[in-house]
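In this text, residue positions in the sequence shown follow the numbering used here: the first is 1411, and each later residue adds one.
Ideal placement from N, C-alpha and C gives every residue a C-beta, glycine not left out.
In what follows, a single structure is set out as structure tokens and then discussed.
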Amino acid sequence: MTEARLRSAEERRAEIQANAASLGIDEAYISLLVETFYERIRAHELMGPIFETAIGDRWGPHLETMKAFWASVALNAGLYSGKPVPAHTKLTKVQPWHFNIWLALFEQTLKDTAPTPGAVTYFMERAERIAKSLKLAMFGIPGLNKGGSNADS
Ligand code: HEM
């Protein structure tokens, strides 16, 4: 039973990596994507200061974390074991609309660098899904507290 489960996890990983490879996605591309994206984030007049304040002189480790994160998300590489939710809930200056800018910069970076058009869609589907769950953790369900009688809504 355990052996069968292990084998199917291995098979699943191999399948995901073969699919990603058919779109030109590998660790080398993920490294380029992460480097280019955060260069643009840092240069952005609204996003740059949020990241600089939170990250300070830890950019080297942050980029390594993000490469491991995307290798785990896109290649099922199992390299990332961090906690994205607390890393974001502590960012008290971030508003929901910052996510639109984040996603737009990520998409443009993909369009400018991706090895195939399919790779753009592949990353964007995952980024949008994760952005949605981070927003839910940070801000709750949109509209849930609106229009009711709660004074603090
Ligand atoms: C408004 C949008 C966002 C802002 C301002 C933001 C900002 C940040 C900052 C400042 C950190 C570093 C925290 C620290 O090390 O102290 C961080 C970490 C991280 N972010 Fe974001 N982020 C945003 C959206 C996203 C999205 C959409 C994703 C995924 C698709 C993402 C994935 C991550 C991950 C995986 C980490 C590393 C967490 C850890 O293990 O330490 N972020 N983010």
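Own chain, CB closer than 6 Å to residue i, minus 5 neighbours either side, in chain order
{"i": "Y1490", "result": "A1478, F1479, S1482"}
{"i": "L1544", "result": "H1498"}
{"i": "V1599", "result": "Nothing about residue 1599 can be read from this structure; the chain reaches only from 1411 to 1563."}
{"i": "M1476", "result": "V1444"}
{"i": "D1562", "result": "Low local confidence applies: a pLDDT of 44 at D1562 is under 50, so the model's placement there is unreliable, and no value is given."}
{"i": "Q1427", "result": "L1485"}
Contact set for residue i: own chain, Cβ-Cβ below 8 Å, skip 5 residues either direction
{"i": "T1446", "result": "T1519, D1522, T1523"}
{"i": "E1462", "result": "R1452"}
{"i": "A1541", "result": "F1509, W1512, L1513"}
Residue i (DSSP reduced to helix, strand or coil)
{"i": "E1455", "result": "coil"}
{"i": "G1466", "result": "coil"}
{"i": "A1547", "result": "helix"}
{"i": "N1560", "result": "With a pLDDT of 43 at N1560, under the threshold of 50, the modelled position of this residue cannot be trusted; read the value that follows with caution. Three-state DSSP puts N1560 in coil, outside helix and strand."}
{"i": "N1429", "result": "helix"}
{"i": "Y1448", "result": "helix"}
{"i": "L1554", "result": "coil"}
{"i": "I1540", "result": "helix"}
{"i": "D1489", "result": "Correcting the residue type first, residue 1489 is Leu in the shown sequence and not Asp. Residue state, collapsed to three classes: coil."}
Same chain, Cβ closer than 7 Å to residue i, five either side skipped, listed in chain order
{"i": "A1537", "result": "L1513, F1516"}
{"i": "I1465", "result": "H1472"}
{"i": "A1487", "result": "A1481"}
Presumed contact (8 Å Cβ cut-off) between residue i and residue j, rounded CB distance
{"i": "P1525", "j": "G1434", "result": "3 Å"}
{"i": "K1503", "j": "I1460", "result": "6 Å"}
Kindly provide the ranges of any alpha helix (DSSP H) runs that are 4 or more residues long and lie completely inside the stretch 1493-1529, ordered along the chain.
-> The qualifying runs are 1494-1499, 1506-1523.
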